[in-house]
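Below is one structure, written out as structure tokens, with a few remarks after it.
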Amino acid sequence: MGSKDSDEHQDEILRQNHQMLTDIHGGNVEQAKSSHVYSYRHGFKGFAAKLTEKQASEISKMPGVVSVFPNTKRNLHTTHSWDFMGLSEDETMEIPGFSTKNQVNVIIGFIDTGIWPESPSFRDTHMPPVPAGWKGQCQSGEAFNASICNRKIIGARYYMSGYAAEEDEKIMFKSARDSSGHGSHTASTAAGRYVADMNYKGLASGGARGGAPMARIAVYKTCWSSGCYDVDLLAAFDDAIRDGVHVISISLGPDAPQGDYFSDAISVGSFHAVSRGILVVASVGNEGTSGSATNLAPWMITVAASSTDRDFTSDVLLGNRVQLTGESLSLSQMHTSAKIIPASEAYAGYFTPYQSSSLNRTKAKGKVLVCRHAGSSSESKLEKSNIVKQAGGVGMILIDEADKGVAIPFSIPAATVGQKIGKKILAYINNTRFTSFLPTARILSAKTVLGAQPAPRVTAFSSRGPNSLTPEILKPDITAPGLNILAAWSPAMSRLKFNILSGTSMACPHISGVVALLKAVHPSWSPSAIKSAIMTTAKLSDMHHKPIIVDPEGKKANPFDFGSGFVNPTKVLNPGLIYDAQPEDYRAFLCSIGYDEKSLHLITRDNRTCDQTFASPNELNYPSITVPNLRNNYSVSRTVTNVGKSRSTYKAVIFAPKGINVTVVPRRLAFTRYYQKMNFTVTFKVAAPTQGYVFGSLSWRNKRTWVTSPLVVRVAHSNMGTVV
């Protein structure tokens, strides 16, 4: 029931609790007393009671009730995304049936904003010597001596030639030291050591560590205050390949729509890395609209963002006793209610509902302002709270549909709400206008809420397919936690050691950490084999076994939202079958989308020809199958490799996309040895007219394992001889 008012007496809280219970027990005081288990009346208000589901539902609708949830068993808390994905709570991150101790020999290269080496996430206590064969270096620079590197951070370089050619602004730390926090955050998410009490100003407190906490970190700082330039990115890829990293994690990308593979440094650099056996993990982007996915090359793993079951919320108490909830990281709160007005009533001169940059101090002073937000920038949301504060406002409610769920560290008591709650607040203000009552609101401080449901959800900001460059390749590939993630930070920014961030930038290193565990257990597997293991074992259901949904509208997610699904680290080490591909397959892919030998040479730097090509790019042995222009019928072949038990048999299980008949030949695969390869053909046939893309799946199933691939199909409609 939210925060406890400072003047509320404990006996009064107990009386209120008993009254609520009496009401749902039809006025029977004895039943109410016997159902009551415990009252919370010190730090916050609430109670525990024995209730039926119907009674729980009734009580959840009562005024002042924030949430009602079952008495679930909890274990010691950590913060929190790796626990949510099912990995063990200790630093070894062992997965039942497998030893991941070899992660000490896995090196992850981070192309980002650098690192804050003094963070406890990067200490090297009890770590063995640097792996033999490591060729990297620790580059000295401003506030960064070569001696700063240790057995955890084994390499650090910085690149600014490309940046300096385009920008002339003064920069902080001409070195690998992180001035923005982003690079430290991503590195600790993937490979941070265990920190006993990581928290953000008291929120989300608990033990925290990265996915592969004993893996090594190599830093390639290419990003400065205004961005990352291709010149520097390519130099970083080049060095990382030479230095001997095993994984490259790159939480950045181009604006959508992405240019072709030859004009994109990340596509080019990652091609070279993958050709040398280095797996590249990249974020899909934060534009949140259909077709906005970036980092589209099929040789990369491209990661979307989803939630965990932890939220950071602030309660908003309206004068009509309605209590609403928004997202926030602001720890300040209003101790009394204040008049609430739309920001448009406090304008100074020209004003639109989306502007708060010209507020009239006389009209704003002492009030709670309701502002609207267009776009997705967290910085502009934070700036709105600063402007309201400067105008004398005491609180802010920010109506924002696009980024529902993203918590912002506002400078005043404030909360972000979606359109639905925003309309309720505005309706309350309008309805009170013509009465003797002033519309008022009080905003409480942020709190951590565990057990938020449904979870995971695909975030509103996560960029979506289809692939705008090569629609035959599904992007994104996978989704991972990227909403309100707590990790290491740079104290150069706001003097924080840890911070909570949201973005596909945060989802990417979760997959990088999983990749490191896979490399530890299966060091000889190719990048595409590891990618396949992650994709084919992914979850399609949330914690309550219901289909994963997408914020903000709550519709059922599809492969354009989450690729193959939500990463499942406990299953990736034993995928049963893998879809493998070699560098020559990626060359054949490039030939199939129209690149000639001259342009191919620009990217491969060798003298290979297009003698071996595919009839269509969807012939690449990818763990998903996309047919973007199906005319009547079409067949696609795939090859799977047995990495499970030597003698194992799989049967095909098909969930056909709506209006499409799908057949698989053969329907049964019987393997007799490890690493044996078998081919199959999937045929799609139009059965009924459909509009747009339709989705299904193909699974190879035995008693122990499901190996699942998304099926994505769009029927080509002819109109005067033109495909539309």
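Take the sequence shown: its letter number 70 is residue 72 in this note's numbering, and every next letter is one higher.
A virtual CB, placed ideally from N, CA and C, is assigned to each residue, including glycine.
Asked	Found
Residues bridged to C140 [DSSP beta-bridge criterion]	A158
Among H719, S496, E599, nearest to K203 - alpha-carbon criterion	S496
Helix, strand or coil at D13 [DSSP, three-state]	helix
Nearest-angstrom Cα separation, counted from S294 out to I150	40 Å
Residues sharing a beta bridge with W708, DSSP	R703
Neighbourhood of F175 by C-beta distance below 8 Å, restricted to the same chain and skipping five residues each side	G116, G143, E144, A145, F146, S181, A494
Cα-Cα separation, A718 to L632	5 Å
Exposure of V286, with buried meaning 16 or more beta-carbon neighbours within 10 Å	buried
Beta-ladder partner(s) of I252, from DSSP	A284
Check whether P300 and I475 have beta carbons under 7 Å apart	yes
Reference R669; option with closest CA among G661, N560, T685, Y676	T685
Whole-number beta carbon distance between D582 and A531, since they are thought to touch under 8 Å	5 Å
Pair within 7 Å by beta-carbon distance, I401 and R374	yes
Straight-line Cα distance separating G111 from S177	16 Å
Where F46 falls: helix, strand or coil (DSSP)	Confidence at F46 is low in this model, with a pLDDT of 36, below 50, so the placement of that residue should be treated as unreliable; the coordinate-derived value is given next. F46 falls in the strand class under three-state DSSP.
E385 versus L236, S413, K647, residue with shortest Cα-Cα distance	S413
Proximity of E289 and A267 at Cβ, strictly below 7 Å	no
Burial state of P468 (16 or more Cβ within 10 Å)	buried
Expected contact under 8 Å - CB spacing of A192 and G212 to nearest Å	5 Å
Local Cβ density within 10 Å of V629, reported as buried at 16 or more and exposed below that	buried
C-alpha distance - V282 paired with Y196, whole-angstrom precision	25 Å
H79 - DSSP class collapsed to helix/strand/coil	Residue placement at H79 is poorly supported in this model, since its pLDDT is 19, which falls under 50; the coordinates are not used for a value here.
Spatial distance of P215 from V714 (CA atoms)	36 Å
For I550 and R153, the rounded distance between their alpha carbons	40 Å
Cβ pair count under 8 Å reaching 3, the region 332-339 against the region 620-628	no
Nearest-angstrom Cβ-Cβ length linking D114 and S253, presumed shorter than 8 Å	6 Å
Element boundaries [alpha helix (DSSP H), containing F508]	The question names Phe, but residue 508 is Met in the sequence shown. Looking at the DSSP string, the run of the alpha helix (DSSP H) that includes M508 is 506-523.
Check whether K548 and G567 have beta carbons under 7 Å apart	no
Simplified DSSP state of K679, which is helix, strand or coil	strand
Where the beta strand (DSSP E) containing V221 begins and where it ends	218-223
Cβ of K647 within 7 Å of any chain B Cβ	Protein chain content of the structure displayed is limited to a single chain, and chain B is not contained in it.
Classification of T481 by the beta-carbon crowding that lies within 10 angstroms, buried from 16 upward	buried
Nearest-angstrom Cα separation, counted from G368 out to F46	Reliability fails at F46, whose pLDDT of 36 lies under 50, so the model's placement of it is uncertain and no value is given.
contact_flag[the region 306-317, the region 448-466] where n(CB pairs < 8 Å) is 3 or more	yes
Beta-carbon spacing of R675, S648 below 7 Å	yes
Cα-Cα separation, I15 to P65	14 Å
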